[in-house]
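Asks: Going by UniProt numbering, the first residue of the sequence shown is number 1, and it counts up by one from there. Think of the CB as a built atom: it goes at the ideal place given N, C-alpha and C, for glycine as much as any other residue. On a predicted model such as this, the values are computed, not experimentally measured, just so you know. Handing you this structure, nothing more for now.
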Amino acid sequence: MQHLLLLHGALGSKDQFQSLIPLLKDTFQVHTFNLHGHGGHSLPESSFSIELFSEQVARYIQDMNIGKANVFGYSMGGYIGMYLAKQMPDKVNKIVTLATKFYWDEKTASKEVKHLDGKIIQEKLPAFAEQLQQRHAPTNWLTILDKTTELLINLGKNNTLQLEDYTSITTPSVVLLGDRDKMVTLEETLAVYKQLPNAQFGVLPGTPHIFEQVNLSLLAYLIKGFMK
Numbered sequence: 001m002q003h004l005l006l007l008h009g010a011l012g013s014k015d016q017f018q019s020l021i022p023l024l025k026d027t028f029q030v031h032t033f034n035l036h037g038h039g040g041h042s043l044p045e046s047s048f049s050i051e052l053f054s055e056q057v058a059r060y061i062q063d064m065n066i067g068k069a070n071v072f073g074y075s076m077g078g079y080i081g082m083y084l085a086k087q088m089p090d091k092v093n094k095i096v097t098l099a100t101k102f103y104w105d106e107k108t109a110s111k112e113v114k115h116l117d118g119k120i121i122q123e124k125l126p127a128f129a130e131q132l133q134q135r136h137a138p139t140n141w142l143t144i145l146d147k148t149t150e151l152l153i154n155l156g157k158n159n160t161l162q163l164e165d166y167t168s169i170t171t172p173s174v175v176l177l178g179d180r181d182k183m184v185t186l187e188e189t190l191a192v193y194k195q196l197p198n199a200q201f202g203v204l205p206g207t208p209h210i211f212e213q214v215n216l217s218l219l220a221y222l223i224k225g226f227m228k
């Protein structure tokens, strides 16, 4: 049975995949884990970065004796998967991304970090604040916000993967986007898809950026159809 590694996004955790796993476990040996600082995983001494998270994924693949893993990455998880495919192609068999923001500059980062203001979240979205606290306990969720803010600002200053980098990622890939995603643009997604030498592109209907609102049956169908 093939191995499938599910990578969560920024501020997320492996628990977000609980409803997806039953739809995949008949086809794959499914692996999930929390990136550094997320879902109760200990905080790293260094700053959050795509490089740091990718090294963590590579270590997991090695420690679990997986060989080459199939990877599904949601949002930042997809970016990590692509970076891993470029830097360590021997670790990745096939990759599917969903709702991954590939384009970063200082203006884009400045816009996105406005959504990571802990004070505003507590005042206007108390239920979300409580969700984040429970998700990342015992780590204070405000610390995760601060480290994620730093990550996005750094991406804005120097995008880890430039558009031309994707031309060298030969790993078979599917790049997916929800048609109602207000964070990720169709233009940036198509731009990356067109650079990838061995890729497919798809749009999920009626789908916003939030993973909890994704049609999981459709997503699982697409993942299995591509990776089997």
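Find out if the Cβ-Cβ distance for the pair M1, Q18 is shorter than 7 Å.
Replies: Not a contact, by the Cβ cut-off of 7 Å.
Asks: What ranges does the alpha helix (DSSP H) occupy inside the UniProt domain "AB hydrolase-1" (3-102), keeping only unbroken runs of at least 4 residues that lie completely in it?
Replies: Listed in chain order, they are 50-63 and 76-87.
Asks: According to the Cβ coordinates, are S54 and N34 closer than 7 Å?
Replies: Result no, Cβ atoms of S54 and N34 do not sit closer than 7 Å.
Asks: Straight-line CA distance for L43 to T148?
Replies: Each residue's alpha carbon lies about 12 Å from the other.
Asks: Pull up the CB-CB distance for I99 and V184, whole angstroms please, since I reckon it's below 8 Å.
Replies: The displayed chain sequence assigns Ala, not Ile, to residue 99. Right, their Cβ atoms sit about 6 Å apart.
Asks: Quick one: using the 10 Å Cβ neighbour count with 16 as the cut-off for buried, is V203 buried or exposed?
Replies: That one is exposed.
Asks: So is T170 buried or exposed if we call it buried at 16+ other beta carbons inside 10 Å?
Replies: Counting Cβ neighbours within 10 Å, T170 comes out exposed, since fewer than 16 surround it.
Asks: May I ask you to report which of helix, strand or coil DSSP gives L222?
Replies: It is helical.
Asks: I believe H136 touches G39 by the beta-carbon criterion, under 8 Å. Please report the beta-carbon distance rounded to the nearest angstrom.
Replies: Indeed, because the Cβ distance is near 6 Å, the residues count as touching under 8 Å.
Asks: Do A10 and M76 count as a contact pair if the criterion is CB distance below 7 Å?
Replies: Contact flag set, yes.
Asks: Just to confirm, are W141 and L155 a CB contact at a threshold of 7 Å?
Replies: Not in contact: W141 and L155 (Cβ atoms no closer than 7 Å).
Asks: My guess is that L152 and V192 are in contact by the Cβ rule of under 8 Å, so how many angstroms apart are they, rounded?
Replies: With 8 Å as the limit, L152 and V192 do not qualify as a contact, their Cβ atoms being about 18 Å apart.
Asks: Run the CB neighbour count on D63, radius 10 Å, all protein chains shown included, and call it buried at 16 or more, exposed below.
Replies: Per the 10 Å Cβ criterion, exposed.
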